[in-house]
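Asks: Terminal number for the sequence shown in full-length UniProt numbering: 112, no gaps in between.
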Amino acid sequence: MVMFEISIPQTSNYQLGNSAFQWTLTILNDPKKKRRLQYSSINRYEEIGKIEINGYSYEKLIFDFEKGKLHISLKEVNPNAILNILESLTIQTSPSSQVFLLTRYRKRPNQK
């Protein structure tokens, strides 16, 4: 099994102690059909096992907001699977309503 680590928004102890922390994960599954899946949690540490996004299988996703890390586990090294998840996930935390895209917004060819 192979694990990759990606930075996500880190939540400070002040935010956790003085607010109702919640996060939502939006997965753009099948971008051609614009189908979205959402998952919400109040946990600062969450493991999601056996998930498939756009035909790529992931053994486990671990969200650690205290350390500001997303761990992605795959059975074998597959650069396309990592690129797929980076393009598919959006994380939103509240109450700050901070939206975090794992990749930068890409302009369409007809935009300047």
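Cβ coordinates follow ideal geometry from the N, Cα and C atoms, glycine included.
Quick test of your reading: residue 37 and residue 48, contact by CB under 8 Å. State the CB separation rounded to the nearest angstrom.
Replies: One-based indexing of the sequence shown puts residue 37 at position 37. One-based indexing of the sequence shown puts residue 48 at position 48. Actually they are not in contact, since the Cβ atoms of residue 37 and residue 48 sit about 11 Å apart, beyond 8 Å.
Asks: Which stretch, first to last residue, makes up the beta strand (DSSP E) that contains residue 59?
Replies: Taking the first residue of the sequence shown as 1, we reach residue 59 at position 59. It spans 56-64 - the beta strand (DSSP E) in which residue 59 sits, taken as one unbroken run.
Asks: How is the beta strand (DSSP E) around residue 53 delimited, first residue to last?
Replies: Counting from 1 along the sequence shown, the entry for residue 53 is found at position 53. First-last of the beta strand (DSSP E) with residue 53: 45-53.
Asks: Am I right that residue 4 and residue 91 are in contact with their C-beta atoms under 8 Å? What's the rounded C-beta distance?
Replies: Locating residue 4 in the sequence shown gives position 4, where the first residue counts as 1. Locating residue 91 in the sequence shown gives position 91, where the first residue counts as 1. Not a contact, Cβ separation roughly 16 Å.
Asks: Starting from the Cα of residue 43, find the closest Cα among 23, 77, 57 and 54 and give me that residue.
Replies: Locating residue 43 in the sequence shown gives position 43, counting from the first residue. Closest option to residue 43, Cα to Cα, is 23.
Asks: Determine the extent of the beta strand (DSSP E) in which residue 72 is found, giving its start and end residues.
Replies: Walking along the sequence shown from the start, residue 72 turns up at place 72. Residues 69-74.
Asks: Between which two residues does the beta strand (DSSP E) harbouring residue 6 extend?
Replies: The count along the sequence shown starts at 1 and reaches residue 6 at position 6. Segment 2-7, the beta strand (DSSP E) holding residue 6.
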